[in-house]
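Below: one structure, written as structure tokens.
Protein chains: 4
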Amino acid sequence: MSMNWGLIGGGEGSQIGGTHRIAAALDGAFRLAAAALDIDAQRARAFAMRLGIPKDRAYGDWREMLEGEKSRPDRPTLITVATPNSSHFEITRAFLLAGFDVLCEKPLTTTVAESQEIVRIARENGRICAVNYGYSGYAMVRHARAMVARGDLGRIRVVVAEFAHGHHADAADADNPRVRWRYDPKLAGISSIVADCGIHALHLASFISGQEILSLSADFVSAVPGRELEDDALVAFRMSGDVVGRLWTSAIAVGRMHGLGIQVFGEKGGLRWQQEQPNQLYWTPVGRGTSIIERGVAGLSPEADRASRVTVGHAEGFFGAFGNIYADLAERLRARQEGREPNPLALSCPNAEDGLRSVAAVYAAAESAKSGGRWVRSATSIDL
Amino acid sequence: MSMNWGLIGGGEGSQIGGTHRIAAALDGAFRLAAAALDIDAQRARAFAMRLGIPKDRAYGDWREMLEGEKSRPDRPTLITVATPNSSHFEITRAFLLAGFDVLCEKPLTTTVAESQEIVRIARENGRICAVNYGYSGYAMVRHARAMVARGDLGRIRVVVAEFAHGHHADAADADNPRVRWRYDPKLAGISSIVADCGIHALHLASFISGQEILSLSADFVSAVPGRELEDDALVAFRMSGDVVGRLWTSAIAVGRMHGLGIQVFGEKGGLRWQQEQPNQLYWTPVGRGTSIIERGVAGLSPEADRASRVTVGHAEGFFGAFGNIYADLAERLRARQEGREPNPLALSCPNAEDGLRSVAAVYAAAESAKSGGRWVRSATSIDL
Amino acid sequence: MSMNWGLIGGGEGSQIGGTHRIAAALDGAFRLAAAALDIDAQRARAFAMRLGIPKDRAYGDWREMLEGEKSRPDRPTLITVATPNSSHFEITRAFLLAGFDVLCEKPLTTTVAESQEIVRIARENGRICAVNYGYSGYAMVRHARAMVARGDLGRIRVVVAEFAHGHHADAADADNPRVRWRYDPKLAGISSIVADCGIHALHLASFISGQEILSLSADFVSAVPGRELEDDALVAFRMSGDVVGRLWTSAIAVGRMHGLGIQVFGEKGGLRWQQEQPNQLYWTPVGRGTSIIERGVAGLSPEADRASRVTVGHAEGFFGAFGNIYADLAERLRARQEGREPNPLALSCPNAEDGLRSVAAVYAAAESAKSGGRWVRSATSIDL
Amino acid sequence: MSMNWGLIGGGEGSQIGGTHRIAAALDGAFRLAAAALDIDAQRARAFAMRLGIPKDRAYGDWREMLEGEKSRPDRPTLITVATPNSSHFEITRAFLLAGFDVLCEKPLTTTVAESQEIVRIARENGRICAVNYGYSGYAMVRHARAMVARGDLGRIRVVVAEFAHGHHADAADADNPRVRWRYDPKLAGISSIVADCGIHALHLASFISGQEILSLSADFVSAVPGRELEDDALVAFRMSGDVVGRLWTSAIAVGRMHGLGIQVFGEKGGLRWQQEQPNQLYWTPVGRGTSIIERGVAGLSPEADRASRVTVGHAEGFFGAFGNIYADLAERLRARQEGREPNPLALSCPNAEDGLRSVAAVYAAAESAKSGGRWVRSATSIDL
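Line by line, the protein sequences give chains A, B, C and D.
Here the first sequence stands for residues 1 to 384, where the numbers follow my numbering.
Here the second sequence stands for residues 385 to 768, where the numbers follow my numbering.
Here the third sequence stands for residues 769 to 1152, where the numbers follow my numbering.
Here the fourth sequence stands for residues 1153 to 1536, where the numbers follow my numbering.
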């Protein structure tokens, strides 16, 4: 039976909203029951009704939705926050405090202190607060994580992460408002491409290696003249477990579409994965040839099998990955309803702590870049 | 608002059933309202209820479902038939005659005459009878079709289609019932790999080129000893518009996962596409270099844009393609409800005529193979 | 110490001549000592002298060269015949009869009977008559052959070969003399693309599988209007050892550069190789994942090691492959000079029998195509 | 007519020696006339004679060779120095001072000061002193350089270079003398993987962009315990023309074979190239799709055409690239002999200044790494 689901943000024409609706519907686990979809109240209500939400649950505003839903017996089992970054903190906090479980889009918040507060509130209230690092839902990313966890690679030595696209390369776009705000510190904060894309790659580095980022040394550049924030960055980092990290991320890499990729090198072997061809994982044991591990073949880890919906060779893509975040949450929420332990595999879904660590890493990278590449510790490695 | 949807077949553990449920849910257009999911009545009802269908619409049998649903005011707007091939004819026929619109899994029926009857009934009753050639839903397949239709390639000369996998290569599997029936003429009919996989490639050849298959010359072999039906086939064919066709299909191609691919060569250029990397289409105008056309970039055909849900570089896969078949049907059904013309782009969804042509082509290929490669006309090119 | 080498044909600007000179020089085994490089005597002599050949061995004509060289004590140890196809027979025959060892460009001759005579002469005179199927020199092709020979694939079931390019796709080229002659039966004989490119793929199918082609069924088409000979062909064939073959070859496949590839499927596994990325061989044992076998890694077959000159990852290409034909011949010639048995690995170099079998297969394919795809036996499978 | 060539180092079994002999022979421009091939005098002489060098020019030692050759009328037109790095300076210096033209293996010398002296000597003596950055000989690398030079990319913003392999990943190899010396500062100097492999990537970054490296910030790690020098490094750098650089290089990247690649991003477009598939260059103009530029097609730059020996689709590899260094030198040497200006395209061959700049960049990177990533200026950007 499907659970009631509430969505905040993701109005008409928004890509992220459409993707959340697809992902939540994919397995039939969630049914959109209430929503505040747009900053414009009228548009918000109209779009919600067009999506089939009854009038009384088609809200014009998240506060109105909180009021209207918090006491209903059929209130949403899960709230997704897909609003602009600057409102994540306020909305997520309010719903957690009202006892809702929340899936917040990345980044969790725009400051480290806010993320720490979210972590604290979620813990104190016993709420799930997930953060949508959707790429961690790919079956072969989960298989990579499982291979590392079970020791196939031995101790991890170096993780090389990359997220390069070229969609902000055109200087003629400088006045395009959809691009310009991203490089304006007043609107985008301390970092642009690292906070927007690099953060996914840093999260994957942690997710797969099972280690936390401790410190970073960064080189940020604004390759397109006139930008205040970086559109290309190189970051060296250190993780727990003595793991070395490398990240290159760029928004001016003309010809690269959505170049999120990761390579993990350990004592006993190396793994390589690319988001644009997500069904294959390349695995090379030391001293042996490279094998192509295909999603869907027999003998994969339970983590991969669980994250896969069709047989081998049928390209699974972004919706499946994203849907796995919802599948994890569905399992955790159902287990709680049923008073049982959730399937432990569902616990890998990124949570507020992961959100905090990522935000802290971005801050440390930005600080390093400002000081000429000095190594800066990531806050979460020391406190909380 | 979503429409009521009925599903026949696709019981627990069935891959095709799960995929239909995902595809129908993807855009929120259909809501599973009634079902007869399994040949075992008890299992059928129990699984339907676990999927959230109320008890009175959780049927034990398709006849029971037909009786129970045909007079309901909220009867399903669309019925999907996903049962074993041999029952497609009877079920599809019965629901069409009762005035339902139907999406039937491929092959439409197991004989040419039955397919002809389905075409006739659908026409006479003004019903939609779609056939699920799901690969035709990929955005880049639709773009290829649009490029051909608008003349980018000039006259098409040769289409080279391929569907090769190796999942039936293990002779030790000979007694595996999941494999064995496929090579038993009593259960699988006149053809195995051509009817199962080659048929998709033949359909794509027609779908993209916009031409019908007229005649074929085939070489069938049973590479694994003991099989009565072919597990590897090479087929030359001719299409309308003087287009030449080539097909290789195999179930013993060890190392090939789900190798559906197509190459289209015209006077002015050539196109190449592979199902396992569905987001890229390779295009080479005569005398120029090859371009990689990425799903999601600006400037694609309306056909491709409509079939795409996320921005470039986010791998779209099988669910999106399959979901596009449902999206086409949703548009056609809604247009009828609303008394308007459907978006003409929604009409590309394969229908009963396409189902008939494919079945006829398989029969002609099998007949050719039996007679040492003699060219055999495909029935639908002459009558109906 | 290098051996004296004679070259006939391959004049200035000829690609094949340049390639032979590079291949022969690659390992320092051969030194160009005498040549008749052009049909124009003056140009022949001038170019030979520019290449450093002394005036008295810079011939204007192959007959003059035969006269001049046959009695010299330092006469060439090897003669390469790289003239137009129609003169291969006469020249090769004459040099073999004069006791020279010969490497003849493919095709060995233009008729089956001529090829049979060359085989007979070479045998009766104890001469080496090699045929330059240069692609068989690639290290990974040799490794594939070795894997088949040592049983890694078990019994071979199906070989799928392909050689597709698009360099004759432009109808505007119809009057281009460099293209036109290829489709004129008076100049090109009974077949165009099969005789020119398909023949390499057929040879590779035999070379790797270790089997002979017995019979063929072919569909030839002239996709570009006005051509008398085929520019696209599909061929089914049967080989000894109950091996099934498939070939597609084309000159109008716009976007394909030099698409020679082969897939070999056996009881125990499958192999795939593409000439355009020749350093990788893809290997999938039944029931296992695919491995990428890289040229140059430890543990390859002696056949592959011997055919490789640099370490892994340094792309080896066409010159290396071609050079391996010369390396094989150098070893065989030196062994004879030294009165010892040659390294048996040097014997895989294609010889006159291979040349004959290929020519016979092309003839059988052409005959089949003329008779609507009837299966035709390849002459060499029965006589000689 | 071929020119006399002398080789120092590259004894029996040495890969680099064999490659130089192949590259020098490829076009017939050079003939091995004198050599001192091994540190062991007897082996040096024996191997030289086996290669066909007359006894009196088969030397046991480079000093003996210098004495023996310097006054001969037929002395080598070009001397190649392929000895261990530490002797490059002494030998190159001596031959330059004796008036020979030299091709020295990379690195030119082991210190910046020595490289500066070589540059000075070559200039003062009017000698060619080339340095063998062989990867700059690939046709598509030259085409990339030409595209940048003619402005196709507009101003270059970022160059991303990579050279990753995994051949030193096995900790069990720690005592393998072929690996161990590379991480011992007493034998290898100040840097291991950056000096050995990264230096090629840095050179390519300069070669293609046409800019010099000015300063660097580096993170060196010894991922395999017990190593004193780095086996993995991340380097940010700045070039003239306001170009930003990124380099990752590694010897522990298990599964990477010889991962030299480069991406160049400019205002108007981006280029990508990988050494392991050297015949393709990927080019994306801003706002357009990606094109695959194939070596050998019509319409390439003169730089690419000149560096290419066979038609499109015939994989050209490492020998061709390496041979292009020799082809450039042959043209320069011949032009001097003939008293004419050389083809200006032959001037792109890397010379002593390039060798000096690369050595200086490695030193600056090593110094930066020692000081925690501080930006360090590369010496050659200021003096000389």
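For glycine and all other residues, C-beta sits at the position ideal for the given N, C-alpha and C.
- In the DSSP annotation of this structure, ASP738 of chain B is not part of any beta strand (DSSP E); the continuous alpha helix (DSSP H) holding it starts and ends at 736-754.
- Around VAL297 of chain A, the beta-carbon contacts reaching into chain C at under 8 Å are GLY1057.
- Residue pairing by DSSP places ALA1001 of chain C opposite C:PHE988 and C:THR1017 in a beta bridge.
- In this structure ALA1066 of chain C is exposed. Its beta-carbon is surrounded by fewer than 16 other beta-carbon atoms within 10 angstroms.
- Cβ atoms of TRP5 of chain A and THR110 of chain A stay farther apart than 8 Å, at about 25 Å.
- Assignment of THR668 of chain B by DSSP, reduced to helix, strand and coil, places it in the strand class.
- Looking at D:PHE1471, D:ALA1282 and D:PRO1337, the one whose alpha-carbon comes closest to that of ASP795 of chain C is D:PHE1471.
- Within 10 angstroms of the beta-carbon of ALA1265 of chain D lie fewer than 16 other beta-carbons, which makes it exposed.
- Residue-level contact by beta carbon fails for GLY261 of chain A and chain B, as no gap is shorter than 9 Å.
- When Cβ-Cβ separations below 9 Å define contact, ILE1360 of chain D makes no contact with chain A.
- Here DSSP, grouped into helix, strand and coil, assigns PHE868 of chain C to coil.
- About 7 Å separates the CB atoms of PRO278 of chain A and GLY317 of chain A; that is less than 8 Å, so the two are in contact.
- The beta carbon of ALA48 of chain A sits closer than 6 Å to those of ALA35, LEU37 and ALA58, all from its chain and outside the five residues before and after it, given in chain order.
- Look at the beta carbons and you see the region 1275-1289 of chain D touching the region 1495-1511 of chain D: at least three pairs across the two are nearer than 8 Å.
- A direct Cα-Cα distance of roughly 15 Å separates ALA1521 of chain D from ARG246 of chain A.
- Membership of ILE540 of chain B in the beta strand (DSSP E) is indicated by the continuous run 540-548.
- In chain order, ARG429 and MET433 place their CB closer than 8 Å to the CB of LYS439 of chain B, counting only its own chain and leaving out the 5 sequence neighbours on each side.
- Counting along the chain, the unbroken beta strand (DSSP E) around SER675 of chain B starts and ends at 674-678.
- DSSP places SER960 of chain C outside both helix and strand once states are collapsed to three, so it counts as coil.
- Unbroken beta strand (DSSP E) runs of no fewer than 3 residues, entirely contained in the region 437-486 of chain B, are found at 462-466, following chain order.
- Spatial neighbours of ALA417 of chain B in its own chain (CB-CB distance under 8 Å, excluding positions within 5 residues in sequence) are listed in chain order as ASN388, TRP389, GLY390, ILE437, ARG441, ASP458 and PRO460.
- One finds VAL926 and VAL1012 in chain C with Cβ atoms closer than 7 Å to the Cβ of ASP616 of chain B, taken in chain order.
- Excluding its 5 nearest sequence neighbours in each direction, ARG155 of chain A has C-beta neighbours in its own chain below 8 Å: GLY241, ASP242, GLY266 and GLU267, listed in chain order.
- Taking the Cβ atoms as the reference, ARG566 of chain B lies roughly 5 Å from SER576 of chain B, within the contact range of under 8 Å.
- Proximity of chain C to ILE1174 of chain D at the Cβ level (cut-off 8 Å) is accounted for by LEU794, ASP795 and ARG1077, in chain order.
- Collapsing the DSSP output to three states places MET1201 of chain D in a helix.
- Beta-bridge analysis with DSSP links ILE1414 of chain D to D:ALA1313 and D:TRP1425.
- Listed in chain order, the non-local C-beta contacts of PRO285 of chain A below 7 Å within the same chain comprise LYS268 and GLY269, local neighbours out to five positions each way being set aside.
- Taking a beta-carbon distance threshold of 9 Å, GLY1204 of chain D counts as an interface residue toward chain C.
- Between the region 1273-1280 of chain D and the region 1247-1262 of chain D, the count of Cβ pairs shorter than 8 Å is three or higher; the stretches touch.
- Rounded to whole angstroms, ILE199 of chain A and VAL160 of chain A show a C-alpha spacing of 13 Å.
- Within the model, the alpha-carbon separation for ARG332 of chain A versus SER86 of chain A is close to 28 Å.
- Assignment of TRP773 of chain C by DSSP, reduced to helix, strand and coil, places it in the strand class.
- At a cut-off of 9 Å between beta carbons, HIS1466 of chain D contacts chain C.
- When the beta-carbon positions are compared, GLN1432 of chain D and HIS1082 of chain C stay at least 9 Å from each other.
- Per DSSP, the unbroken alpha helix (DSSP H) holding VAL112 of chain A starts and ends at 112-125.
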